[in-house]
Every structure is written in structure tokens, then in C-alpha cells.
Amino acid sequence: MSTWHMDDGLAVRYADGELNPTLAASVEAHLLACDRCRSLLTPRVPDARLDRVWAEVADAVDTPVPGPFERLLRAIGVHDHTARLMAAAYSLRLPWITASAAALLFAALASGETTRWGLLVYLTLAPILPVAGVAVAFGRDGDPAHEIGLAAPYSMFRLMLMRSAAVLTSSSALALVVGLGLLGGSWIAAAWLLPSLALTSLTLALSSRFDPRHCGAVVAMTWLFVVVSVNFREPSLAMFGGVGQVGYLAVAFASFALLFFRRREFS
Amino acid sequence: MSEHETWTDARLLDAVADGDRRALEVLYGRHAPWLVIRLTRRCADPALVDEAVQDTFVAVWRTARTWKGKGEVAAWIWGIGIRRLLDQLRRRPAVPLPAYEQVMVSAEEQVLLGIEYGELGQAMSRLSPELRAVVQATVLDGLTTREAGRLLGIPAGTVKTRMMRAKALLREELV
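Residue numbers (the working numbering), protein chains in the order written: chain Y, 644 to 910; chain C, 56 to 230.
Structure below.
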């Protein structure tokens, strides 16, 4: 390090812009490497100005940076505040979506097995993912903004429906991509869509009375139990046939009707 | 006062990378003043300078982990600061730049320079203001040819030819 340093007089003249360019250039080059001379300049800038700029910096630093999902929502024209509310849900965060994708991928890979169990695993798992996602998307534990949401002048019912729709869309799109990619274009790749809708809407309807997480768990367990008991002796895809699909549609309709009648329970 | 005050810049920057807001505040306290003054020499509009300083420290907060850990933290901050100022200037052009205006060098300063900085200082001060501005922007401020052109309001090609002329003149003076 050089032995050359600024004195107070030089610091004042530099700060006031009175140094000739060459001397100023030397000062500037020196300042980058000298802590002591930099501190000589501190009193040359009014505290009020520094405080004002710092307040702006602190503001910008404390404002959270919107995540990729929130930016996507904004890009497709969702209002800022709505996007923030929806993106607050855990199941719309990247880790959750990544985990879902991984689970589906393995299930779909397993379906390549010659036995029918592999395909069955995929068809069973695909409808459960949105149920789990919806179950943790709102409610006391699943929503980090739950307390704020209660106090906000915003319909909880509307928020719940919006979040569920977003979860359903994202996980269904995921399952569809994986299904079509690995299972080919057969109808089987989409056979879980109605069961998924039925299970999700059932979870929502039950959530009007019970904790959404419990509802999600119960619905998922029931689904698993039914699938296993029906296919225990001989695995078949009968559950996903025409009659089954109509049944799922009926469950979905009934659940939505129930949900509509009980919508006040959510606020 | 916290122990942060005793930390080195490098340690503070590491802490900022880990989301330590107090460390950012201490860094700001150390580096904002000289940055304000040095940027003021490049741009006369205090509002633009304030914006640039603000953007700089927000960028420090967000990109602290990209600092390689080598060299002076102050130099790293300057590199961000001058580019943020360029961004501001691009948005609102046509601001006079005092550092690049012609400055009459007094006889007294000439002598002072001669003693203090020897031949290079004299040779530098004999350059025309246009050539000196290019040397300052590229050598001292560390800007690329294109960035220097934007700061000075001239095409990048002109920056290159002026830099070549400045080098030739300095060589003549010094040899």
C-alpha cells in the first residue's frame, strides 16, 4: 500500500470538485484501496441525504422479490395482489411442483413394467397429487398468510377456489405432460383427470367443516384403499372405464354443489 | 453499536450474501459517501446520483454472492455504481458532466502536479479535455469502449480513436 494519503484539505477540495482532473484521478485511484482516506469523505456528504437514500435501499431490500410462479401469473394478466395471494400457497412453490413431477415421473416409468400394477400406480397417484396440493394450499397450517388473509377484506371462498384452480391446473398439466410423454397418446394417459377432479372437489367440500389437511389425508387414504381392494385379486383398469368415469363426474358435481351451499363456512 | 462495525469489508459482504441486513447497512455507511462524491464528479444532477447509489446498494444486496472474494470491495462497488449511473443517464440523457468539461489548470496546480506526480501527471494535464475524458473513463473508471461512449455521449468508434491519439501523445511526452 502506498504511503501517500489525502489530508483534510485535499478531501474537501476533491469533494467540492475543485481538483484538476489529473489530481482527482490520483485521488480516485487511491480511494479504491484506502479505507482511511475514504472515511475522510464521509463528513462531506450531508447525513440527511445519506439517510434518505438508505431508506430507499432498505425499502427495496425488504420488498420480497416475486417468485417465478407469481411473475408468470402477472404475465398472463392476473392482478398483482391476487398473484401474491395465490403464490403464497406452498403447493404453488417450485419445491412442491418439482416433487410432484418427480413422483409422477417414477410412477409413469413404473408403468412401463409388463404387469398392470405399474400403470395402475400412475393412475392412482396422478389424482392424489392435486388433492395433497389443495389440502396444503390453504387453512391454518398450510397458508403462511392465513392470519393476514382472515383480516383482509377479501372473500376466503374466492381465494380458496382460485388457489385450488391454480393447483389443479398446474398439477394436472404436469401429470398430463408426463402421461402423454411416457405412456403415448392412448386414452389411459388422461383417464385420471375425472377422478382427480372428483377427489379434489370432495376435499374442498369436506374442508368447509374440517381441517383441509385432514380432509386431504382422508380422501387420499380412501382412494388408495378403494383402488387396492378393487384390484387386490387381479389388477385391472376397470375402475377407469366408462362407468367409473361417470361416477367420478357425479362425485365432482355433488361436491361442487355442496361447496356452493356451504360457501359461507369459509369466511 | 454491534460488532459489525469492526468487520472487514470482505467479511461484511459475505454476511450480506447470507442475508444479513445489518451488514449491508454498515457497508452502506462506509461506502455510500465516497460513491456519492465520485459519481457527482461524473453527473451533476444529485437526483440521478442518489438513484444510482440506491440501485448500487440494492444490487450489492442481491448479487453479493457473485463477488469472487478477490480485490477491493470498494472497486467492486464502484464497478456496479458507475454502471448504475450509466443506466440512469440512458433513461434521462443530456446532463452536463463536470468531470469531462474543460478545466483550466492554474499555474500553482501545474507546479504541484509536477512535484507530486512527475512527468505522467504533466503529460496527462497537457492532453485536451476530450482525450483526457476518454482516458479517465476507460482507464480510471474501468468502463468498456461502448460504456465510455455512452457516458461521454460519443460513438464507441470515436472513443477508440481518441484513446489511440491520447496514448500516442502520452508516449511522445514521456519518452
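Idealized CB from N, CA, C, for every residue including glycine.
Specify the secondary structure class of phenylalanine 800 (chain Y) as computed by DSSP and reduced to three states. helix
Could you give the DSSP three-state label for alanine 668 (chain Y): helix, strand or coil? helix
Using the beta-carbon count (16 or more within 10 Å), is arginine 145 (chain C) buried or exposed? exposed
Any idea what DSSP makes of phenylalanine 875 (chain Y), helix, strand or coil? coil
Please confirm if arginine 145 (chain C) has its CB atom under 7 Å from at least one CB of chain Y. no
Of all the CB atoms in chain Y, is at least one closer than 7 Å to the CB of proline 210 (chain C)? no
Less than 7 Å between the beta carbons of valine 870 (chain Y) and threonine 725 (chain Y), yes or no? no
Does the separation of the CB atoms of leucine 228 (chain C) and alanine 178 (chain C) fall below 7 Å? The sequence shown places glutamate at residue 228 (chain C), not leucine. Result yes, Cβ atoms of glutamate 228 (chain C) and alanine 178 (chain C) sit closer than 7 Å.
DSSP state of leucine 167 (chain C) mapped onto helix, strand, coil: Because leucine 167 (chain C) carries a pLDDT of 39, less than 50, the predicted location of this residue cannot be relied on, and the following value inherits that uncertainty. Residue state, collapsed to three classes: helix.
Could you check if threonine 216 (chain C) is buried or exposed, using at least 16 other CB atoms within 10 Å of its CB as the buried criterion? exposed
Suppose the cutoff is 6 Å on Cβ atoms and the five residues either side in sequence are ignored; what does the same chain contact list for phenylalanine 603 (chain Y) look like? Lying outside 644 to 910, the shown extent of chain Y, residue 603 (chain Y) is not represented and no answer is given.
Euclidean distance between Cα positions of alanine 99 (chain C) and arginine 93 (chain C): 11 Å
Which listed residue (Y:Ala818, Y:His648, Y:Arg806, Y:Phe853) has its alpha carbon closest to that of leucine 747 (chain Y): Y:Ala818
Beta-carbon proximity of alanine 917 (chain Y) to leucine 902 (chain Y), cut-off 7 Å: Residue 917 (chain Y) is absent from the structure shown; chain Y starts at 644 and stops at 910.
Go through its chain and collect everything with a Cβ distance to leucine 82 (chain C)'s Cβ below 6 Å, but skip five positions before and after it. Leu67
If you draw a straight line from the C-alpha of methionine 219 (chain C) to the C-alpha of threonine 200 (chain C), how long is it? 12 Å
Is glutamate 671 (chain Y) close to chain C, meaning its C-beta is less than 7 Å from at least one C-beta of that chain? yes
Suppose you measure from the CA of alanine 188 (chain C) to the CA of leucine 207 (chain C); what does that come to, to the nearest Å? 8 Å
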